[in-house]
Structures are given as structure tokens and as C-alpha cells.
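I have placed the structure first, in the form of C-alpha cells, so that the comments after it can refer back to it.
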Ligand SMILES: Nc1nc2c(ncn2[C@@H]2O[C@H](COP(=O)(O)OP(=O)(O)OP(=O)(O)O)[C@@H](O)[C@H]2O)c(=O)[nH]1
Ligand SMILES: Nc1nc2c(ncn2[C@@H]2O[C@H](COP(=O)(O)OP(=O)(O)OP(=O)(O)O)[C@@H](O)[C@H]2O)c(=O)[nH]1
Ligand SMILES: [Mg+2]
Ligand SMILES: [Mg+2]
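Residue numbers (the working numbering), protein chains in the order written: chain L, 42 to 353; chain A, 377 to 839.
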């Protein structure tokens, strides 16, 4: 991977942790890690979307270990990052594509609420998998949103992947089924299926999603081999309800967190990784085809608390 | 259960409640307020209100709340919740000028500029607004996409324009956003459009070149409305993005999208506080008719998530007559409860629409509530009893012992009721007077230990 790539990630993550860092710097002018300092620390974590419960927990652990000790800024950040990384490390797992799979393709269904970055992430994934030497096909399963098919088609052209699309307003499950048949015929290694954005509290739309899974299983009982939930880093505590509902409905197997190139810190991911024991496969750090990174717990945590990522 | 017994129970519960509450102190202490605000702080953070905004908000409420009177029949904590709610509504609603309506009173075409982060709902909202202006205000609207970044963004807007039977600016490949804005405004002028809606690419507030671009677009189009479109699912980042956009361009309002989700929507408060701009519209779905005017009340209840308590306090406030209640309490303590007091209580009951209505809101009275629900107080009976009482002389109401058979006949004729009904009412009064005595003895300790149900006839905890 290029240097520019990491520079960009670093810049993005540095931005995303700026406020947290400022908060900690404020804490550390006090030098001694007393109650007031710990309270301030807890607030910086809350401001990172960690949620009140987790923020309190992390700070409590810090309290027990270090209370009233003198500490340097780097030390405290390090401990804080370790605490967060401890929760996140089990979530650090690449998306393993089973190439020996007897019945190709490896089917990836991409789901999530509206506007989170599903279609864009599919474009990025396609580029990545192709770069790894796999043949990739895309299915324009969002038959609802205006120009959703056109959007995916442009991504297909960009990354050189065939796009299976149907008419606007058509049946998404039927399209997914046809796409799987086409991918089998073409002997594609990976089939990435886009879906329309939907809020998890809409029962009818969630049922539609479940139907896509059901129909796919008719063609291949093992499909979809992965169900990726795309989470927008800007979203606050509601992301937990999203993970719960999509998990219940279509058996989410992994997460992607997008838009980490902004100032949103994505701290809710910590709660989700902990509660649902789901791997976080990738993070999105921009709108371009290369702006996708494997999730690295330590980097995420260190960047979150304002420490440089080790690669930098 | 006989009807009058049920009424008796209801009144007992009501009186016991008043008795209980009046033993509390009358004003909110600092401790009361701080205890409640600790919970409120957590609730607001969990609702995704940004932390700096939570702090300011809680401090403002604290200042207001300490020393405020507590309504009878609510706890100090409930009272604070109500004050928080009111402050929330006031903050969200903004000043008198912030009607929420789009202000398009300029020389046409009026430009409406849509800005915001990626995926917040700008393009969809642009089409929704166009549809609304076309349908409701018979305006001629031109939609123009300045989004040259996202694949098929311009096609998306053109498709939406077709769906609403509206016009969109023809797409010219390779044209830059500022040039598109100018062409859109020129077209608007030339072709007699009332409104030109400019949809822009999503951008991060830390993306310097794109923030510079949006400022340039703003300068070129001189929009009548510049709307920041924000996802109501947004978390703590709301303050950063709100601040950055407000600093960079002259916003006139906020649109909150995905209100149809189940997020508590704290971003509404963050946005309002940080930008100082009114929230004008709510996106309530993906379909193009899913656009609603902003209602501070509705969003406040949603953020706070304590609607029951708020409506309880409101109801108590409606029916509260503190002086009367205090007078009654003194009488209860002295055992001097007469038929005038019964009449006042009946009137109060009718005002409240039955005890089930008010007590149902109180936490921890489920058992009593069930009994009250069963009581199913009958409006006509309350009316008849009130008529009986008003046909009595003042002397009779003060001293019910005067009510011999002939007086009862006179009252029945005067009130259009029957003697048995009058007998029942008097029996009920006697039972009640007895209960009052018991309540006086039981005092606050007994009530605290056994709750209101201690006063219910047939209750095992009865002394
Ligand atoms: N800055 C940034 N923008 C992103 C990222 N991922 C996606 N986006 C942008 O977010 C917006 C929405 O992305 P889409 O991929 O269309 O989202 P979606 O989930 O498919 O949306 P719907 O299909 O409408 O539900 C687009 O403008 C993308 O360019 C990211 O990692 N960083
Ligand atoms: N449920 C729901 N979905 C909405 C609402 N408003 C917009 N959406 C959906 O959110 C997604 C993104 O909407 P867009 O209008 O494309 O968002 P945008 O801000 O123009 O996105 P970019 O141009 O990529 O920055 C689409 O799937 C819309 O259908 C809303 O109020 N409720
Ligand atoms: Mg999409
Ligand atoms: Mg758009």
C-alpha cells in the first residue's frame, strides 16, 4: 500500500480524534490522575460516541490501576488506547473469502440504513478483490432508490466488474437470484449484492431483506456467505439498534464502518463489537475506490485517543 | 362491586394522594434538582445530544428549576422532568420569527441551497421540497444538481424530478458546481421559475477545498434559503459539523432527515444549539411526500423519552388548585370533612376525567390503577351527585345530620333524582368521613409504608 494511502488515513483519523485529544490534553495539564481528571477523561470518551456505560467502564478500569498517580500525556493515552483495543481486538478479523468453495461464487450481501455507504463500499470491495486476482460481479439489488442502479453501474465500470441490473422498481430478491445464476455461469469468484437502504425499524422493508436471503438460499444453501452491515461513523448510539435488528433479521456476519475520514469518531463500534461479537472487516476513509482499509483494532483505538498509528 | 363503592374507592385514592403530596415540601430544593438532572444528563447523552450542549442545557435548567413550586400529586423528580421538557421545547422551537416556513419572499427565482454531509438526504429532500412547493403553493420549481462527485448523483435528481412531474436543469457533462449554479439561476430567470433548488454534493466539514467550493456556490446563487440537511441518527459529531457549516456559510435553517427511524434524535438539540438556526423541516421517509413541518413538542418528547411523566405533570397542573387542596388537607387532619368538600372533590374528579386518567401516569401505583380502571367512573353519576349536593342548603351541607326524610324528598324533587340515590350518597359520605379519620391517624408514615392502597376498603393492610 502506498504512503499516500496511510498519510490519508492518518490525517483522517487524526481529525477524528482531535477533540478527544484536546480533551485529554486538558486533562493532563493537571498531571495527577485524580477524580476530576478521570471525569474529564470520561467526558472525552462520551464525546467520541462511546456511550455513557462504556465510557464509565473504561475510566473505572483506569481508576483502579492508576488512581492518583502522576502520569504523562502519552502514558495516559496509551493506557486508554489499550483499554479500548482490548475490547476491539477480537473484532479484528479480515473478511475471509473461501476460494475453495465448491460452488462459486462467494456471495456477499451488503445491508444497512439509508445513505450509510453501502454502494460505495461495494465499489471499493470490488476493486480490492479484483486487485487480489479474483473475478467479481456486482448485483444492483437496490431497485428502489432513484438512480441507484446507475450509481452501481458506474462503480462497475470504474473497477471493471460486470453489473447485473434489473428494471427500476423490480423485485430485489428475484434480481439477487438472477445475479447468482449469472455469477455461477460466469464462474465469478465473488458476487457482491447491493441492497436498498432501509431503517431497521421498518418491518416490511426488513422482511424484504429476509426474502432476499431466503431466495439466495434456494440457489445455494450456503449463500450468502457473508452479510456485511455498513455503519456510518457519524451515527450515534442508534447504531447499536441497527446491529441488533439487522443481525436478527439477516444474520449479519461482519461490519464495515464508513466515513471515518470526518470528525466523527465512531466510538459506538466499541459497544457493538463487544455486545454482538461481530468482526469489523473494513473501515471507509473517503469516497474514492481506494479509500477502504482493513480494520485494525490497535490503530483504531490509538488513533481514537489521538496517538499516531504505528505505521506512521 | 357496587357503583358507589367504586366511586368511594376512587375518591379515597384521590384524597389520599393529595394528602400524601401535601406533606411534601412545596419547592424544588437544589438536591431534588441535582438528583433529577443527573438522570436527565444520561438520558440526553444516550439520546445523542452532544456533550457540550448537554452541559449548557442542564445548567440552564438547574438555574430555572431550583425554588420552583412542585405541583401537588407529582414528585420533585417528575416536576424537574417537566421543566426539562418545557425548556427543551422552548430551545428547539426558537424565537417568534422562527416559524419554520421557508422564506422565499425575494425577487424570483428564489434559490434554495441544500448542503450537508455525504448521504444525509440532500437530494431526496430537494425533491420533496420541490414537490411541496409545486403542489401546495403552485410554484414553478427548477431542480438543479451541482453534485459532480457522486456517481449518478445528477441522474438521481433528474429521476426524482420526473417522479414529481417537475423540471430539472439539463445535465452538461464536465461543468463545475459554481458554473452549474449560475446556469441554473440564469435558466430560472429566463424561463420564469419561482424557485430554483440547488442540490450539492455531500461534503465533510473538514474538507477544505469542498467547503471553499460551497461558499463560492453560495456567493454565486445568493440563496433565499440555505438548508443544512442533517441525519437525525447523528451522534456526538453533530456539534462539529453544525459549527463548521454555520461558520462557513450563512445557513437559514436545518432539515432533519430519517425521523422515521427509531433514534432519539438528540442531534436536533445539538444542531439548534450550535447553529442557532431554526429546524424547518423533517424528513419522515424515503418517499417524496414524506416531508413535514418541524414540531418542537414532538421532537422534545422523543429526545427526552419521558412522555408519560410530562403529560402527568401537565394534567396535574391543569387540575391543580393548590389553595383548595390545602384547605381540604387541613380539614382532613381535623376530621371536619363535610358535604361541601365532597362536592368540591366531585367537581375536581370530573375536571380530571376520572381518576384512572391521572393516577395511571404515576409510576408505582399499578395496583391502584387497576382498581380505578375497574371503577370506571361514570360521568352521569358524577353529574347526578353534583345536582343532589347543589339542591341542598348550605346548612345541610355543613351539617348532614339535618337531612331527615322530608328534606331528602325535597332534595330529590329539586335535583331530579330519587331518595335512594340520596341515601347512597349520604352513606358514601359517612364512609368517607370515617376513612378521613383513619387517614389522619395513619399519617405520613402509614401512607409511606403501605401506599395509597392502605386506604382501600377490604385491603388486608388496612389498620
Ligand atoms: N467521506 C466519505 N464518504 C463516503 C464514504 N463512504 C461513502 N461515502 C459517501 O456517502 C454517500 C452515500 O454513499 P452510498 O454508497 O450511496 O450509500 P448507500 O448506503 O448505498 O445509500 P442508499 O443506497 O441511498 O441507502 C455518498 O456521497 C458516498 O460518496 C466514506 O468512507 N467517507
Ligand atoms: N427513511 C428515510 N430515508 C431517507 C430520508 N431522506 C432521505 N432518505 C434516504 O437516504 C438515502 C440518501 O439520500 P440522498 O438524498 O441520496 O442523500 P444525499 O445527502 O443527497 O447523499 P449524497 O449526495 O451522497 O451526499 C437514500 O436512500 C434516501 O432514500 C428520510 O427522511 N427517511
Ligand atoms: Mg446504495
Ligand atoms: Mg445527493
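Glycine residues also receive a C-beta, built at the ideal position from the N, C-alpha and C atoms.
Output the residue ranges of the alpha helix (DSSP H) runs that lie fully inside the segment 585-671 of chain A and measure 4 residues or longer, sorted by chain position. List check, alpha helix (DSSP H) in window: 614-624 and 643-651.
Measure the C-alpha to C-alpha separation of residue 340/L and residue 110/L and round it to an integer number of angstroms. 26 Å
Determine the closest residue to residue 602/A out of 527/A, 438/A, 505/A and 641/A, with distance taken between C-alpha atoms. 505/A
Within the chosen definition, does the segment 219-232 of chain L reach the segment 196-210 of chain L through at least 3 CB pairs nearer than 8 Å? yes
May I ask you to list, following chain order, the residues of the segment 71-99 of chain L that have a beta carbon less than 8 Å from some beta carbon of chain A? 84, 87, 88, 89, 90, 92 and 93
Those residues which DSSP pairs with residue 133/L across a bridge: 321/L
Would you say the beta carbon of residue 526/A is closer than 7 Å to some non-hydrogen atom of ligand 1? yes
Against chain A, with Cβ distances strictly below 8 Å, would residue 346/L count as a contact? no
Note down, in chain order, all residues in the segment 496-507 of chain A with a beta-carbon under 7 Å from any beta-carbon belonging to chain L. Hits within the stretch, in order: 496 and 497.
Beta-carbon of residue 245/L versus every beta-carbon of chain A: anything under 8 Å? no
Going along chain A in order, which residues have a C-beta closer than 8 Å to the C-beta of residue 328/L? 494, 525 and 526
Where in the segment 208-282 of chain L do unbroken runs of the alpha helix (DSSP H), each at least 4 residues long, occur, reported from the N-terminal end onward? 213-226 and 244-260
Alpha-carbon to alpha-carbon, residue 446/A and residue 399/A: Note on residue 399/A: pLDDT 48, under 50, position unreliable in the model; no value is reported.
Inter-residue spacing [alpha-carbon to alpha-carbon] between residue 637/A and residue 762/A: 49 Å
Would you list, in chain order, the members of the segment 98-120 of chain L that have their beta-carbon closer than 9 Å to a beta-carbon of chain A? Going along the segment 98-120 of chain L in chain order, one finds no residue with a Cβ nearer than 9 Å to chain A.
Cutoff 8 Å; reference residue 539/A; Cβ partners in own chain excluding five residues on either side: 503 and 664
If you draw a straight line from the alpha carbon of residue 253/L to that of residue 653/A, how long is it in whole angstroms? 43 Å
Is residue 302/L close to chain A? Criterion is C-beta to C-beta, closer than 8 Å. yes
Per DSSP, residue 361/A forms a beta bridge with which residues? A question about residue 361/A goes unanswered here, because the residues of chain A that appear run from 377 up to 839.
Over the uninterrupted alpha helix (DSSP H) stretch that includes residue 407/A, give me the two end residues. 406-422
8 Å Cβ cutoff met for residue 489/A and residue 574/A: yes
Could you list the residues in the segment 160-194 of chain L with a C-beta less than 9 Å from some C-beta on chain A, going in chain order? 160, 161, 164, 185, 186, 187, 188, 189, 190, 191, 192, 193 and 194
Could you tell me if residue 344/L is buried or exposed, where buried requires 16 or more neighbouring beta carbons within 10 angstroms of its beta carbon? With a 10 Å radius around the Cβ and a threshold of 16 neighbouring Cβ atoms, residue 344/L comes out buried.
How far does the beta strand (DSSP E) with residue 465/A in it reach, from first residue to last? DSSP places residue 465/A in no beta strand (DSSP E) but in the uninterrupted alpha helix (DSSP H) bounded by 452-469.
For residue 799/A, collect the residues of the same chain with a Cβ closer than 8 Å to its Cβ; drop the 5 residues on either side in sequence, then sort them by chain order. 784
Would a check of beta-carbon distances place residue 612/A closer than 8 Å to chain L? yes
Pull out every residue of the segment 400-427 of chain A whose Cβ sits closer than 7 Å to any Cβ of chain L, in chain order. Answer in chain order: 418, 421, 422, 424 and 427.
Residue 141/L to residue 426/A span [Cα, whole Å]: When rounded, the separation of the alpha-carbon atoms in residue 141/L and residue 426/A is 48 Å.
Taking only beta-carbon atoms, is residue 436/L less than 8 Å away from chain A? Since the first and last residues shown for chain L are 42 and 353, residue 436/L lies out of range.
On a CA-only basis, which of 547/A, 465/A and 594/A is nearest residue 679/A? Give me that one, please. Cα-wise, what sits closest to residue 679/A is 465/A.
Secondary structure of residue 147/L, DSSP reduced to three states: strand
What residues in the segment 261-281 of chain L bring their beta carbon closer than 9 Å to a beta carbon of chain A? 273, 274, 275, 276, 277, 278, 279 and 280
Quick check: does the Cβ of residue 288/L come within less than 7 Å of any heavy atom belonging to ligand 1? Answer for residue 288/L: no, Cβ out of range of ligand 1.
Rounded distance between the beta-carbons of residue 216/L and residue 184/L, thought under 8 Å: 6 Å
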